[in-house]
Every structure is written in C-alpha cells, then in structure tokens.
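Below: one structure, written as structure tokens.
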Amino acid sequence: ADLEGEGEGEGEGEEDYQPQEEDDKSLDSEQLEQLINADDDQALNEIAQARNSMFIEKGTPLYRQRAEIKTGEQAISFFAKHGNNTPIKIFNCNRANVPAHMFRPYDLEVVLDEKQLKDEYFTISNRGVVHVFKKNTKKMSDDEMVPTEFLFASDWMHESTLFNVLSSMKFFKNYLIGKVFNQWKSNVRYKRFVKTRQKISLNLKYIIPAFQPSFLELNHILYEMQKN
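Under UniProt numbering, the sequence shown has 17 at position 17, and the numbering climbs by one with no breaks.
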C-alpha cells in the first residue's frame, strides 16, 4: 500500500509539472516597422526587449559567425540559408562608402554598433529589407518624409541585380565621365569660336576708314543694277 501511495504521489507530481516556455521577444520585419513608426514609450520598450533577446555573447561561434558578415548581400544570403531558425534576427546596415562620382544604392555595410547608424540606414531580417529614415534627417522635409520603406528580400536582390547589370554596360558605366568630357569639349570649341570671331572682326576691310567710301559706292551701284 505504501508503495502504491508513493507511486500515485510520483504520478501526480509528474502530471502537475509543466515546463515553462520562454517568451519569444523576436520580431519580424513588419512588427519592427510598426514599432519604429509608432515612436512611443511602449514601442521603444518592445524594441529594447527584442534587442536583449537577440544578444549574443562575445567569443561564441555564433558571435564570430555574425562578425564575419560584412555586406548586405551576405546578410540576405545568411537568412536565405538559415531562415528564422537562428538567434540572429536582424542586421543593421549603412550605405557603403564609395567615391563621390559613383552611385551604388544597393551596396550596404553591416554595422554591429547601433551608435554608428546614420540618419538613413537599413535593417535586414528574414522577411526582407527595411529602409529607415530618422526623424532628425535633413535630407527630406516633413512633407516628403517617409519613415520606413519595406522590400522583400527577393525584390531587393532582383533590383540589385538589374542595377549591377545596367551599371556594368559601357554607356551607363562611363555616362558621368562622358557627360563631363563632352561638356568640356563643347566649352573648348566655343572659346575657340569666340577667339576667331574677335580676330576676324578686327581685320575686316569695311571697317578701315580709307575703304568705307568705296564700299558705299559699290553697294549703291549693286542696288541700282538690281533695281533695273
């Protein structure tokens, strides 16, 4: 009887015990976009909780793996490979630093420190790419301000591929250089024309005082001939 009682007690304890599931603080791109647009205390708290849930301890293999991802394309490839089955949910990116004469809107650099994010930055997640403008940016007026812009990862890669193909063509690749060269060529030709025009205007025969009466008489004779 004692054994049966002990067995019943153990069974009741096993039925009463239920493991507690940890709260999932991760956010997908749509939820993150809504929180960024909300910009209130509750939204900021939820964003902070999500960031804490994505904290990865330094020195771990996952931390080293995240540190190896340097570009936006690598971040998109990472989510294409792992999907949402990874503690890493978001990569923050700035536009890549390129020379002033180059336009590379799809080149992104991953930023691990959020303090280094610029007024215009991007977040890459499993769902896609979110283009974010901070409210204090001076590039747009309040009427033109677009707080966030979302693109699916497939659309982003499609547009990026098309841009790279077009920009690799000779016409588009050298367009700015060719435009500046043609402008310089036109200016040189115009300056040479002006110089030649001034030189000719100083050596015309009809502006010499000794020839002026003869030119007037000649014009009068030609006029009379045409009249008759």
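C-beta: ideal position from N, C-alpha, C; glycine also.
Collapsed DSSP secondary structure at residue i in the structure displayed
i	result
residue 104	coil
residue 92	strand
residue 128	strand
residue 110	strand
residue 86	coil
residue 151	strand
residue 4	Because the pLDDT of residue 4 is 46, which lies under 50, any placement of that residue in the model is unreliable, and the number read from its coordinates should be weighed accordingly. Note: residue 4 maps to helix in three-state DSSP.
Exposure of residue i, with buried meaning 16 or more beta-carbon neighbours within 10 Å
i	result
residue 156	buried
residue 121	buried
residue 85	exposed
residue 72	buried
residue 125	buried
residue 108	buried
residue 76	buried
residue 100	exposed
residue 172	exposed
residue 80	exposed
residue 78	buried
residue 181	exposed
Proximal residues to residue i (C-beta, below 8 Å), its chain only, five neighbours per side dropped
i	result
residue 123	29, 32, 90, 91, 92, 93, 129, 130 and 132
residue 160	73 and 106
residue 227	none
Whole-number beta carbon distance between residue j and residue i, since they are thought to touch under 8 Å
i	j	result
residue 110	residue 69	5 Å
residue 215	residue 206	5 Å
residue 113	residue 134	No, residue 113 and residue 134 are not in contact; Cβ-Cβ is about 16 Å, not under 8 Å.
Contacts around residue i, its chain only, beta-carbon distance under 6 Å, and the 5 residues preceding and following it disregarded
i	result
residue 203	none
residue 88	66
residue 152	128
Close beta carbons around residue i, own chain, < 7 Å, minus the five adjacent residues each side
i	result
residue 117	92, 94 and 111
residue 166	172
Chain B contact for residue i (CB, 8 Å cutoff)
i	result
residue 197	Structure shown: chain B not included; a single protein chain is present.
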